[in-house]
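A.B. asks: Numbering (full-length UniProt numbering), first residue to last: 1 to 128.
Take this structure, written in structure tokens, and hold onto it; I'll ask about it next.
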């Protein structure tokens with residue numbers, strides 16, 4: 001998994017993003033198979049919930065006809081395929097699920113922590 005380390009990757013907007021996780025299914029049972037879904041980014045206003053204040057450190061995604069995150073999916077990656085400078089297409093992690101807003105198997109949005117916003121901190125705390 002690549003991180004958005006360049007200015008281009010930090011500001012890129014993909015048409016669709018991929019989430020994957022082991023969270024609960026529509027019957028509220030744990031999954032034995034890794035689940036994935038393809039979802040679009042949404043405007044922050046689509047992720048409004050009581051007590052949640054979204055800012056530039058957040059992404060809002062989901063709200064499509066397919067299911068999204070569910071209980072047990074907090075911390076799952078939000079990523080997509082992007083071209084890396086000096087290389088080919090790679091999977092880049094753009095977000096980390098941080099707050100779920102829907103029932104399992106029901107279209108809805110999820111709040112993600114924006115990885116690019118914290119790249120300076122990530123770099124400062126990585127060990128070679």
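Just so you know, even glycine gets a beta-carbon here, dropped at the ideal spot from N, CA and C.
At what residues does the alpha helix (DSSP H) containing residue 8 begin and finish?
C.D. replies: Taking the first residue of the chain shown as position 1, residue 8 is located at position 8. Residues 7–11.
A.B. asks: Residue 60 to residue 119, Cα distance in whole Å?
C.D. replies: What you label residue 60 is simply residue 60 of the chain shown in a count that begins at 1. What you label residue 119 is simply residue 119 of the chain shown in a count that begins at 1. Roughly 19 angstroms separates the two Cα atoms.
A.B. asks: Just how far apart, CA to CA, sit residue 30 and residue 97?
C.D. replies: Your numbering for residue 30 matches position 30 in the chain shown. Your numbering for residue 97 matches position 97 in the chain shown. Roughly 18 angstroms between the two C-alpha positions.
A.B. asks: Extract the residue ranges of the beta strand (DSSP E) inside the UniProt domain "Peptidase S1" (1–127), only unbroken runs of 3 or more that lie entirely within it.
C.D. replies: Here the runs fully enclosed are 17–21, 35–39, 58–62, 77–83, 89–100 and 109–114.
A.B. asks: What separation, rounded to the nearest whole angstrom, lies between the Cα atoms of residue 71 and residue 111?
C.D. replies: For the purposes of this step, residue 71 is taken as residue 71 along the chain shown, with counting starting at 1. For the purposes of this step, residue 111 is taken as residue 111 along the chain shown, with counting starting at 1. In a straight line, the C-alpha of residue 71 is about 13 angstroms away from that of residue 111.
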